[in-house]
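Okay, so here's the structure we're looking at.
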Amino acid sequence: MTEESLRMFLTLSDAVIITDSRHHIVDVNSAYEHITGYNRETILGAKASVVKSKYTNKATYKSMNEALNKGESWSGIFINKKCNGDLWHSSISITPYLIDEETYYVGIFRELEHLEEGIYIAEDRRNNIQGVLLKVLAISCEIRDPAIEDHLTRVQQITESFLLRHNDRLKLRLSDDYMQSVIHSSIMHDIGKSGVPEGILYKPGPLTSYERLIVEMHPLIGVDILEKINSELQDSFFKDELSVARNIILHHHEKWDGSGYPSKLRGTDIPFEARVVSIVDVYDALTSRRPYKEIWPEEQALAFLQEHKGTSFDPDLIDTFVSLHGS
Ligand SMILES: [Fe+2]
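Heads up: the sequence shown runs through residues 5 to 331, numbered per our numbering.
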């Protein structure tokens with residue numbers, strides 16, 4: 005039975021849920037029924053977590069529990085699940101009330117999808133939009149190569165498993181957002197090739213030193229393209245993503261011993277994300293057919309990477325990459 009003095013909250017137009025100290029539902033209002041699709045009669049007595057999805061950040065629950073355990077109110081963003089399985093994003097404030105030595109929690113939800121201004125974009129949706137835009141940009145820049153989409157998709161997939169394994173193996177505690185940015189941006193590494201003449205880019209056989217100079221401009225051309233996006237956009241929405249992409253585009257041909265290009269960076273001066281993608285890029289190039297070479301078997305490509313561990317490539321990253329392939 006809901007404590008009488010809390011009943012006034014049920015008249016609010018936002019969705020309201022009242023639970024006892026063990027988070028069992030003691031009452032909800034009609035807006036809550038409407039949003040969640042749960043019928044009041046059937047949900048009373050259930051745990052409030054009945055609407056929980058796996059998508060809300062763990063840190064969100066942690067900060068909520070910390071505040072509520074101290075008897076403080078808390079507000080944050082939840083990604084919950086409706087009765088029919090659809091996700092809904094809401095801003096919620098939860099306030100504890102002590103009545104006759106019993107704690108009650110009053111949760112007030114506002115569904116973010118219904119904000120008229122369109123200022124809220126759910127994280128999974130935002131990630132998807134970013135991923136698709138970057139992929140289309142990358143493919144467009146290398147559209148002259150018919151096999152490019154497969155190469156880029158492979159680079160992205162290998163980068164993902166490589167990065168997750170490395171983070172795990174060395175307990176780096178890289179954030180999910182950062183890893184997502186590296187994975188998304190990995191497909192952008194060669195966008196600057198759009199500025200390299202086709203005759204040089206796809207020349208079967210060795211390049212002259214002049215032609216090589218032109219090819220080696222592709223990181224700089226790529227950064228120019230990215231800077232153009234940045235200056236047109238002038239929005240913090242893509243800020244982190246673009247700075248990771250910039251490092252990858254500019255530095256994916258640097259070498260661990262400082263003999264790479266364009267900046268001759270050495271060791272850990274090379275941004276981490278660029279060291280990751282340089283290994284993936286070389287591995288995929290070796291194990292794919294190119295105008296000037298046949299496909300190398302996986303073992304041969306891995307042997308090449310190991311041979312250049314500490315000269316071309318970050319030794320720790322090579323150890324992870326090799327472990328990924330079970331050698
Ligand atoms: Fe490249």
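The beta carbon of each residue, even a glycine, is placed where N, CA and C say it ideally should be.
Sorted by chain position, which residues of the same chain lie with C-beta nearer than 6 Å to residue 111's C-beta, five sequence neighbours on each side aside?
-> Here residue 111 refers to the residue found at position 107 when the sequence shown is read from its first residue. 21, 96, 98.
Residue 5 by DSSP, collapsed to three states: which one?
-> Here residue 5 corresponds to residue number 1 of the sequence shown, with the count starting at 1. Residue confidence for residue 5 is low, a pLDDT of 48 falling below 50, so the modelled location carries little weight; the figure read from the coordinates is stated next. Note: residue 5 maps to coil in three-state DSSP.
Kindly examine ligand 1 and report whether one of its heavy atoms sits closer than 7 Å to the Cβ of residue 93.
-> The residue you call residue 93 lines up with position 89 of the sequence shown. False, no ligand heavy atom lies under 7 Å from that Cβ.
Close beta carbons around residue 261, own chain, < 6 Å, minus the five adjacent residues each side | For this step, residue 261 is matched to residue 257 along the sequence shown. The residues are 315.
State the Cα-Cα distance for the pair residue 5 and residue 108, rounded to the nearest angstrom.
-> Reading the sequence shown from its first residue, position 1 is the one you call residue 5. Reading the sequence shown from its first residue, position 104 is the one you call residue 108. Annotation note: pLDDT 48 at residue 5 (below 50); position unreliable, coordinate value reported separately. Rounded to whole angstroms, residue 5 to residue 108 spans 11 Å at the Cα level.
Residue ranges of each alpha helix (DSSP H) within the stretch 41 to 95, 4 or longer | 44 to 47, 62 to 73
Kindly indicate which residue of 145, 25, 105, 80 has the alpha-carbon position closest to the one of residue 227.
-> Counting from one through the sequence shown, the residue named residue 227 turns up at place 223. Measuring from the Cα of residue 227, the nearest candidate turns out to be 145.
Return the chain-ordered list of same chain residues with a C-beta closer than 7 Å to the C-beta of residue 353, the five sequence neighbours on each side being excluded.
-> Nothing in the structure corresponds to residue 353, since the chain is present only between 5 and 331.
With 16 as the cutoff for other CB atoms within 10 Å, does residue 40 come out buried or exposed?
-> For the purposes of this step, residue 40 is taken as the residue at position 36 of the sequence shown. Residue 40 comes out buried.
Between residue 311 and residue 305, what straight-line distance do the alpha-carbon atoms span, to the nearest angstrom?
-> Position 307 of the sequence shown, counted from the first residue, corresponds to residue 311. Position 301 of the sequence shown, counted from the first residue, corresponds to residue 305. Going by the C-alpha atoms only, they are around 10 Å apart.
Classification of residue 275 by the beta-carbon crowding that lies within 10 angstroms, buried from 16 upward | Locating residue 275 in the sequence shown gives position 271, counting from the first residue. Residue 275 is buried by the Cβ-count criterion.
Just the C-alpha distance for residue 256 and residue 116, rounded to the nearest angstrom, thanks.
-> Stepping through the sequence shown from its first residue, residue 256 is reached at position 252. Stepping through the sequence shown from its first residue, residue 116 is reached at position 112. So the two alpha carbons sit approximately 40 Å from each other.
Beta-carbon separation of residue 30 and residue 24 under 8 Å?
-> Residue 30 sits at position 26 when you count from the first residue of the sequence shown. Residue 24 sits at position 20 when you count from the first residue of the sequence shown. Closer than 8 Å, so yes.
Is the distance from the Cβ of residue 169 to the Cβ of residue 288 below 8 Å?
-> In the sequence shown, counting from the first residue as 1, residue 169 sits at position 165. In the sequence shown, counting from the first residue as 1, residue 288 sits at position 284. No. Outside cutoff.
State yes or no: is the C-beta of residue 329 nearer than 7 Å to some heavy atom of ligand 1?
-> For the purposes of this step, residue 329 is taken as residue 325 along the sequence shown, with counting starting at 1. Answer for residue 329: no, Cβ out of range of ligand 1.
By Cβ distance below 7 Å, which residues in the same chain neighbour residue 143 in space, the five residues on each side in sequence not counted?
-> Position 139 of the sequence shown, counted from the start, is the residue given in the question as residue 143. Hits under 7 Å: 152, 153, 156.
Sequence-distant residues of its chain with Cβ nearer than 8 Å to residue 218 (five each side left out) | Against the sequence shown, residue 218 aligns to sequence position 214. These residues qualify, in order along the chain: 200, 201, 204.
Same chain, Cβ closer than 6 Å to residue 106, five either side skipped, listed in chain order = Walking along the sequence shown from the start, residue 106 turns up at place 102. So no residue of the chain qualifies.
Answer yes or no: the CB of residue 194 versus the heavy atoms of ligand 1, is any distance below 7 Å?
-> As a position in the sequence shown, residue 194 is number 190, starting the count at 1. Flag set: Cβ of residue 194 near ligand 1.
Can you tell me whether residue 26 is buried or exposed, with buried defined as 16 or more other CB within 10 angstroms of its CB?
-> Counted from its first residue, the sequence shown places residue 26 at position 22. That one is exposed.
Cβ-heavy atom distance between residue 255 and ligand 1 below 7 Å?
-> Here residue 255 is taken as the residue at index 251 of the sequence shown, counted from 1. Outside the cutoff, so no.
With a threshold of 7 Å, establish whether the CB of residue 222 neighbours any heavy atom of ligand 3.
-> Ligands displayed in this structure: ligand 1; ligand 3 is not among them.
Using the DSSP secondary-structure output, state which residues sit across from residue 103 in a beta bridge.
-> Here residue 103 corresponds to residue number 99 of the sequence shown, with the count starting at 1. The partner list for residue 103 (beta bridge, DSSP) reads 106.
Three-state class that DSSP yields for residue 267 in the structure shown = Taking the sequence shown and counting its residues from 1, one reaches residue 267 at position 263. Looking at residue 267 - three-state DSSP - the assignment turns out to be coil, as it is neither helix nor strand.
For residue 76, does the count of other Cβ atoms within 10 angstroms reach 16, so buried, or fall short, so exposed?
-> Start at 1 with the first residue of the sequence shown, and residue 76 comes out as number 72. Residue 76 comes out exposed.
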